[in-house]
Amino acid sequence: MTVLPVRTVPDPVLRTAASPVPAGADVRALMADMIETMHAVGGVGLAAPQVGVGLRVFVFDVAGVAGHVVNPVLETAGQALREPGEGCLSVPGLRYHPARAAEAVVRGTDVDGNPVEHRGTGLLARCLQHETDHLDGILYVDRLDGEERREARRRMRAGEVDRAARRIGAARAAAVSSVFGAPAAPAAGTGAAR
Numbered sequence: 006m007t008v009l010p011v012r013t014v015p016d017p018v019l020r021t022a023a024s025p026v027p028a029g030a031d032v033r034a035l036m037a038d039m040i041e042t043m044h045a046v047g048g049v050g051l052a053a054p055q056v057g058v059g060l061r062v063f064v065f066d067v068a069g070v071a072g073h074v075v076n077p078v079l080e081t082a083g084q085a086l087r088e089p090g091e092g093c094l095s096v097p098g099l100r101y102h103p104a105r106a107a108e109a110v111v112r113g114t115d116v117d118g119n120p121v122e123h124r125g126t127g128l129l130a131r132c133l134q135h136e137t138d139h140l141d142g143i144l145y146v147d148r149l150d151g152e153e154r155r156e157a158r159r160r161m162r163a164g165e166v167d168r169a170a171r172r173i174g175a176a177r178a179a180a181v182s183s184v185f186g187a188p189a190a191p192a193a194g195t196g197a198a199r
């Protein structure tokens, strides 16, 4: 398994809708690398576009509830909640409060093509919605309203995300190196956050 570099804004792969995984395609190696990467960088979810792969696949591990979905379809229910705050591995250094449905269900398949369904409330519901958004080229900051949206855009234009990506990327590269015993450096223009 390999720890992959996490793409950060303004990488165009993050703003491009991912393609469905063709029936019979083997995404086991990708999935294993994504899980390894998610754990190495301290995330609770990771979508394939975040590692530069334009396929509809994501992995998650929220408070011990772990899974993966190929070609997910999202359904949401319940009132929109803004707490707790949310961050993103691809938008490092920022944390805001986008409205998310209180409950979420994703249906798709596993790596073997078997149907799967993951249901969640709270942080798991937020994660399922966040990762599905990535597959549609949507970032959590796109879901902000009013002053938070203006502030996020200002901070992104001011270079705060780039500085955070470099700082976090260097720290995580050192941590990965110490765990795996080999130098690991993020690719140019990459970094990580929640």
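Residue 129 in the numbering used here sits at position 124 of the sequence shown, with consecutive numbering throughout.
Yeah, the Cβ is synthetic: ideal placement off N, Cα and C, and Gly gets one too.
**Request:** Just confirm the distance between the C-beta atoms of Leu-211 and Val-67, as a whole number of angstroms; I'd bet it's less than 8 Å.
**Result:** Outside the shown range of the chain, which is 6 to 199, sits residue 211, and nothing can be said about it.
**Prompt:** If you draw a straight line from the alpha carbon of Glu-41 to that of Gly-59, how long is it in whole angstroms?
**Reply:** 18 Å
**Request:** Report the three-state DSSP secondary structure of Asp-66 (helix, strand or coil).
**Result:** strand
**Message:** Using a Cβ distance threshold of 8 Å, determine whether the segment 145 to 160 contacts the segment 103 to 117, with at least three qualifying pairs required.
**Reply:** yes
**Message:** Could you pull the DSSP bridge partners for Thr-126 from this structure?
**Reply:** Glu-108
**Message:** If contacts are defined as beta-carbon pairs under 8 Å, then Glu-80 and Val-110 qualify, I think. What distance do you get, rounded to the angstrom?
**Reply:** 5 Å
**Request:** Give the secondary structure of Val-11 by DSSP, where H, G and I count as helix, E and B as strand, and everything else as coil.
**Result:** coil
**Message:** Classify Ala-53: buried if its beta carbon has 16 or more other beta carbons within 10 angstroms, exposed otherwise.
**Reply:** buried
**Prompt:** Start and end of the beta strand (DSSP E) containing Leu-35?
**Reply:** Counting along the chain, Leu-35 falls outside any beta strand (DSSP E), though it belongs to the alpha helix (DSSP H) covering 33 to 46.
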